[in-house]
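Enquirer:
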Amino acid sequence: MLKVSKYCSYVVAFTMLLVLQVPAQQQEGTVTLSQAEALKMYDKEQKMKVWLKNLVEPGVVVTDEKMIFSEEAQKLIRDSAYRSAVYKDVYTFIDVKESLSTLDLQKAYWQMIHMYPENKETILRYIYAYDKLVPTDEIVTAAFYTYAFFDPNITSIIDGKPNVYRPDIFEDYLRRTKEIVGYIKYFREENKKTK
Numbered sequence: 329m330l331k332v333s334k335y336c337s338y339v340v341a342f343t344m345l346l347v348l349q350v351p352a353q354q355q356e357g358t359v360t361l362s363q364a365e366a367l368k369m370y371d372k373e374q375k376m377k378v379w380l381k382n383l384v385e386p387g388v389v390v391t392d393e394k395m396i397f398s399e400e401a402q403k404l405i406r407d408s409a410y411r412s413a414v415y416k417d418v419y420t421f422i423d424v425k426e427s428l429s430t431l432d433l434q435k436a437y438w439q440m441i442h443m444y445p446e447n448k449e450t451i452l453r454y455i456y457a458y459d460k461l462v463p464t465d466e467i468v469t470a471a472f473y474t475y476a477f478f479d480p481n482i483t484s485i486i487d488g489k490p491n492v493y494r495p496d497i498f499e500d501y502l503r504r505t506k507e508i509v510g511y512i513k514y515f516r517e518e519n520k521k522t523k
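Per my numbering, the very first residue in the sequence shown carries number 329; after that it's consecutive.
1) Bridge partners of V492, per DSSP?
2) Give the straight-line distance between the Cα atoms of V468 and L361, rounded to the nearest whole angstrom.
3) Would you report the Cα separation of G510 and Y410, rounded to the nearest angstrom?
4) With DSSP collapsed to three states, give me the class of T289.
5) Return the residue from the list D392, F515 and E365 that minimises the CA-CA distance to R453.
6) Using beta-carbon positions only, say whether Y473 and P386 come within less than 8 Å of one another.
7) Mapping the DSSP letters down to three states, classify T358 as helix, strand or coil.
8) Going along the chain, which residues of its own chain have a beta-carbon closer than 8 Å to the beta-carbon of V350, five neighbours each way excluded?
9) So what does DSSP say about V384, is it helix, strand or coil?
10) If V418 sits next to Q439, beta carbons under 8 Å apart, how far is it from one beta carbon to the other, in whole angstroms?
11) Pick helix, strand or coil for V509, following the three-state DSSP scheme.
12) In the DSSP assignment, find the beta strand (DSSP E) that holds F397 and state where it starts and stops.
13) What is the DSSP secondary structure of V424, counted as helix, strand or coil?
14) Is the distance from the Cβ of I508 to the Cβ of Y415 below 8 Å?
15) Among residues of its own chain, excluding the 5 on either side of S398, which ones have a beta-carbon nearer than 6 Å to its beta-carbon?
16) For V389, which beta-bridge partners are listed by DSSP?
17) Which residues mark the beginning and the end of the alpha helix (DSSP H) in which V414 is found?
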């Protein structure tokens, strides 16, 4: 158990190092950046904001009048080869690792929703390990609303439009998502109590 938790911490730390790599000179407790380094850091910060915005953006938003699809959702609708590559009948932690290595947290969280509850404790630890850095509850929810809508076991794409033919599977993934989000909120509250 401790080994998994420690591994999750390493994964989070490594992920953030990849995202925020900026060379700097350090002297006596201060960090000095050149103008070029500061601009590079600013550029990375802007990219990070876009990345974070995309992480919490659900693939499908339903309003009274229409359905709005994110860029990822549109790609899943249009590109059948991409859609086939994204979805598997069975996901493993190797799939999750590959998604995390490319910083595709939404896809990794979808894979973990798919593997839940069989690997409940490990999945909750993996997801919650990121909670101090990103809003994991929002990302889990966004992952569901991006990937569940286009899962070939749930939805067929007819003339570029999703048709949910297995609402029972969709509802099961929604239940899993809500349960994971509930645990994240519970862990946050418990963490506040210990501080």
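We put the beta carbon where it would ideally sit given N, CA and C, even for glycine.
Expert: Short version:
1) Answer is T483.
2) V468 and L361: Cα-Cα distance of roughly 36 Å.
3) The alpha-carbon separation between G510 and Y410 amounts to approximately 31 Å.
4) Past the edges of the chain, shown from 329 to 523, lies residue 289, and the structure says nothing about it.
5) The residue from D392, F515 and E365 with its alpha-carbon nearest to that of R453 is F515.
6) Here Y473 is near P386, since their CB atoms are less than 8 Å apart.
7) Strand at T358.
8) Low confidence applies to V350: its pLDDT is 48, below 50, so where it sits in the model is not reliable, and the reading given next is rough at best. L361, E365, K368, M369 and K372, listed in sequence order.
9) It is helical.
10) Cβ atoms of V418 and Q439 stay farther apart than 8 Å, at about 10 Å.
11) Look at V509 here: in three-state DSSP terms it is helix.
12) DSSP places F397 in the uninterrupted beta strand (DSSP E) bounded by M395 to F397.
13) Note: V424 maps to helix in three-state DSSP.
14) Result no, Cβ atoms of I508 and Y415 do not sit closer than 8 Å.
15) Excluding residues within five positions, the ones whose Cβ falls inside 6 Å are E385 and G387.
16) Under DSSP, V389 forms a beta bridge with I396.
17) Boundaries of the alpha helix (DSSP H) around V414: S408 to V414.
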